[in-house]
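Chain order of the listed sequences is A and B. For the first sequence, the positions run 30 to 386 when our numbering is used. For the second sequence, the positions run 6 to 241 when our numbering is used. Glycine included, every Cβ here is placed at the ideal spot set by N, Cα and C. See below for the structure under consideration.
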Amino acid sequence: MKISRNTLLTLGALIIFAGFLYVAQNMFNTYILRIINLCAIYSIFAITFNLIYGYTGQFSLGHAGFAAVGAYVAALLTMSAQQKEANFFLTPIVPALATMQWPFLFAIIAAGLLAALVGSLIAWPALRLRGDYLAIATLGFSEIIRVLLVNMQPVTNGALGLKGIPPYTNLFWSWGCVVITLFVIKRLTNTSYGRALRAIRDDEVAAEALGVQLARHKLMAFAVSAFFVGVAGALMANLISTIDPKVFLFFLTYQIVGITVMGGMGSLTGSTIAACLYTIFLEVLRPIESPFTIGNLHVPGVPGMRMVLFSILLLIVILFYRHGLMGTREFSWDRLFEFFRGKKKASPLTNSEGEQE
Amino acid sequence: MLEIQNLHVFYGGIHALHGISLNVPDEKIIALLGANGAGKSTTLRCIMGIVKPAEGSILLNGESLLGYKSFEVVKKGVAMVPEGRRVFTNLTVYENLSLGAYARKEQDKVRQDIEAVYHLFPRLQERAFQPAGTLSGGEQQMLALGRALMSKPTLLMIDEPSLGLSPLLSQTVLKRLKDLNRDTGQTILLIEQNARAALSIADYAYIMEVGSIRLEGAAADLAKDDQVRQTYLGIH
Numbered sequence: 030m031k032i033s034r035n036t037l038l039t040l041g042a043l044i045i046f047a048g049f050l051y052v053a054q055n056m057f058n059t060y061i062l063r064i065i066n067l068c069a070i071y072s073i074f075a076i077t078f079n080l081i082y083g084y085t086g087q088f089s090l091g092h093a094g095f096a097a098v099g100a101y102v103a104a105l106l107t108m109s110a111q112q113k114e115a116n117f118f119l120t121p122i123v124p125a126l127a128t129m130q131w132p133f134l135f136a137i138i139a140a141g142l143l144a145a146l147v148g149s150l151i152a153w154p155a156l157r158l159r160g161d162y163l164a165i166a167t168l169g170f171s172e173i174i175r176v177l178l179v180n181m182q183p184v185t186n187g188a189l190g191l192k193g194i195p196p197y198t199n200l201f202w203s204w205g206c207v208v209i210t211l212f213v214i215k216r217l218t219n220t221s222y223g224r225a226l227r228a229i230r231d232d233e234v235a236a237e238a239l240g241v242q243l244a245r246h247k248l249m250a251f252a253v254s255a256f257f258v259g260v261a262g263a264l265m266a267n268l269i270s271t272i273d274p275k276v277f278l279f280f281l282t283y284q285i286v287g288i289t290v291m292g293g294m295g296s297l298t299g300s301t302i303a304a305c306l307y308t309i310f311l312e313v314l315r316p317i318e319s320p321f322t323i324g325n326l327h328v329p330g331v332p333g334m335r336m337v338l339f340s341i342l343l344l345i346v347i348l349f350y351r352h353g354l355m356g357t358r359e360f361s362w363d364r365l366f367e368f369f370r371g372k373k374k375a376s377p378l379t380n381s382e383g384e385q386e
Numbered sequence: 006m007l008e009i010q011n012l013h014v015f016y017g018g019i020h021a022l023h024g025i026s027l028n029v030p031d032e033k034i035i036a037l038l039g040a041n042g043a044g045k046s047t048t049l050r051c052i053m054g055i056v057k058p059a060e061g062s063i064l065l066n067g068e069s070l071l072g073y074k075s076f077e078v079v080k081k082g083v084a085m086v087p088e089g090r091r092v093f094t095n096l097t098v099y100e101n102l103s104l105g106a107y108a109r110k111e112q113d114k115v116r117q118d119i120e121a122v123y124h125l126f127p128r129l130q131e132r133a134f135q136p137a138g139t140l141s142g143g144e145q146q147m148l149a150l151g152r153a154l155m156s157k158p159t160l161l162m163i164d165e166p167s168l169g170l171s172p173l174l175s176q177t178v179l180k181r182l183k184d185l186n187r188d189t190g191q192t193i194l195l196i197e198q199n200a201r202a203a204l205s206i207a208d209y210a211y212i213m214e215v216g217s218i219r220l221e222g223a224a225a226d227l228a229k230d231d232q233v234r235q236t237y238l239g240i241h
């Protein structure tokens, strides 16, 4: 009875949300659409980072690299032959890719699969490491991917980047992928497999003593995470329609880590909410980077000022609100109702899947 | 059940185990005693496949355990309660227990076995949906024990259950082990520094000193032995 109520509410919320997306897609200008799309892409980044770090406790900083793989795969698979010819004017593109053009859906899936493959290859040696060392190794791998992109001129067009990628990404694609990501990862973490992941986070030695295969579980978490990062990378390439290796600097990973921390480690819905807030926040704060005057104090425009504010915000979260927005809790209808009824005590077994918005 | 013959282990250049042999018969409690650095934990690690011995054999019901990884050893029916309990502090008591059955195939019986653990340790049921980190030391030890029992082990190995517990609590924990052994015939290999307490529940005991077995005998005899009383029990 109760379960069906929550499922109904979730379905209802999804339908309302789809309606909102439909209206938004047709009414809002491209600037606002871009922001809402970016919200979705950052949500996927943060949710996947949460799977690796929040759930499994593996501090991996390879997200930018996986996203780059996804973005380039999708870009190369969706661009038309003429576009590729126009792009590769210094070094011609390898013949195999020159005329290849796939539908967007298949390009996204291919992007995810290749990112997952790269993720697993990286994870294999790297997952013998722990903590800071894993972070350094994965960060290194992510940079290697970027350097490869710069140097594999016949495939990636090097530092020139790719321009004129067809802008297929719209709200349905991006938010559809968010819903799928949330659903898959939530399902995954609710199984005994997910419990094993959390056991690994808490105590690797004890988990191993209970018969959990550490390497296999970590590898799976990595591969699933990298798959969806690749998907998000693909969405990003086909949203901004221009990519070059500089898009995938460590700064991207840094933003993802920041969003996830703000949303709460171990809370997938928290990641989604924080990603939206972060993206919107950055846009709202854009004016502070242009010159302005307070009283008789004239402040010249400082590019990057928003990031200073973001860093301060992150510091505040870490110092005073360590659990982030949601802690390890998830959004759930039960919790929402309890909140409105003004009850303080949450039931200990709220596990229903929640959709935000 | 478990037979160890002439086990040698080196940590780099350090000869940690000098050819120890011990035997754990079915349905008995065997205690492995000794001070810090005697090699008790190293022996356990060898059995679990975490440390590779240079020489020697480990047989579980006639089958060698050497060369298997930890999760495979668990599947063969050996469970370990690690030193310092190591419960998953952010997971609930219930989740901790379910994880204990991770290596088992028949997941449908798990719920029933959790009930059995609750029966053995009623406190765990009271706290079933509490994060394990909020439990007291003694409760955590019970949880660690219950979690190990969830894998339905043929051999249960416990590393220092009395570590960090008050004398009264460690008595309780050890008494539970004795009950378990008496009621279900659970075979137990118990590792302890607290020789007096361990000897009070064990059937047979080995005393280790810097990597070899110094003394062995029926627990009751060892408890009466003058040398043991002076060296390990502090009775003059």
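Put simply, the backbone Cα of A/Met56 is about 9 Å away from that of A/Leu62. Residue contact check for A/Arg159 against chain B: no CB pair falls below 8 Å. When CB distances to chain A are screened at a threshold of 7 Å, the residues of the stretch 95-116 of chain B falling below it are Asn95, Leu96, Glu100, Ser103, Leu104, Gly105, Tyr107 and Ala108, in chain order. Interface flag for A/Val290 against chain B is unset, since no Cβ pair is found closer than 8 Å.
Contact between the stretch 108-120 of chain A and the stretch 334-347 of chain A is absent: fewer than three C-beta pairs spanning the two stretches fall below 8 Å.
By the criterion of a C-beta distance shorter than 8 Å, A/Ala235 is surrounded in its chain by Ala228, once the five residues flanking it on both sides are discounted. Looking at the DSSP output, B/Glu221 shares a beta bridge with B/Tyr211. A Cβ-Cβ distance of about 20 Å is found for the pair A/Leu163 and A/Gln284, leaving them out of contact under the 8 Å criterion. Straight-line measurement puts the Cα of B/Val56 at about 29 Å from the Cα of B/Ile206. Among the CB atoms of chain A, one or more fall inside 8 Å of the CB of B/Lys80. DSSP, read as helix, strand or coil, puts B/Asp230 in coil.
Within the stretch 213-246 of chain A, contact with chain B at the beta-carbon level (separation under 8 Å) is assigned to Ser221, Arg224, Ala225, Arg227, Ala228, Arg230, Asp231, Asp232, Val234, Ala235, Ala236, Glu237, Ala238, Leu239, Gly240, Val241 and Gln242.
Going by DSSP, B/Asp31 is part of no beta strand (DSSP E) at all; its letter is neither H nor E. A contact between stretches requires three or more CB pairs, one per stretch, nearer than 8 Å, and the stretch 256-269 of chain A meets this requirement with the stretch 133-152 of chain A.
Counting only Cβ-Cβ distances below 7 Å, B/Ser141 has no contacts in chain A at all, with the closest Cβ about 18 Å away. Listed in chain order, the non-local C-beta contacts of B/Ala149 below 6 Å within the same chain comprise Val86, Arg90 and Val92, local neighbours out to five positions each way being set aside. Contact note: B/Arg91 reaches chain A through Asp232, Val234 and Ala235, using a C-beta cutoff of 7 Å and chain order. Any Cβ of chain A closer than 8 Å to the Cβ of B/Met53 would place that residue at the interface, and such an atom is present. When C-alpha distances from A/Phe135 are compared across A/Ile309, A/Gly99 and A/Ile81, the shortest belongs to A/Gly99. Chain A places a beta carbon closer than 8 Å to that of B/Ser75, counting this residue as a contact. Annotation: the continuous alpha helix (DSSP H) that includes B/Tyr99 extends over Val98 to Gly105. The beta-carbon of B/Met147 is placed no less than 8 Å from the nearest beta-carbon of chain A. For the pair A/Val207 and A/Tyr60, the Cα-to-Cα distance works out to about 20 Å.
Leaving aside the five residues that flank A/Val290 on each side, the residues in its chain whose CB is nearer than 8 Å to its CB run, in chain order, Leu343, Val346, Ile347 and Gly353.
Proximity of the stretch 319-338 of chain A to the stretch 81-96 of chain A falls short of the contact definition, fewer than three beta-carbon pairs being nearer than 8 Å. Every alpha helix (DSSP H) of 4 residues or more that sits fully in the stretch 114-168 of chain B is shown, in chain order, as 115-125, 127-131 and 142-154.
Assignment of A/His352 by DSSP, reduced to helix, strand and coil, places it in the coil class. The distance from the Cβ of B/Val79 to that of B/Leu160 is about 11 Å, inconsistent with a contact at the 8 Å cut-off. Beta bridge pairing from DSSP links B/Glu197 with B/Leu38. In this structure, B/Gln135 lies near B/Thr97, with their beta-carbon atoms less than 8 Å apart. Judged by their CB atoms, A/Phe95 and A/Val147 are nearer to each other than the 8 Å cut-off.
Runs of the beta strand (DSSP E) lying entirely within the stretch 224-252 of chain A and spanning at least 3 residues: none are present. Listed as beta-bridge partners of A/Leu191 by DSSP are A/Ile272. Just so you know, the alpha carbons of B/Leu185 and B/Gln191 end up roughly 6 Å apart.
By the neighbour-count criterion, in which a residue is buried when 16 or more other Cβ atoms sit within 10 angstroms of its Cβ, A/Asn267 is buried.
By the neighbour-count criterion, in which 16 or more other beta carbons inside 10 Å mark a residue as buried, B/Gly72 falls on the exposed side.
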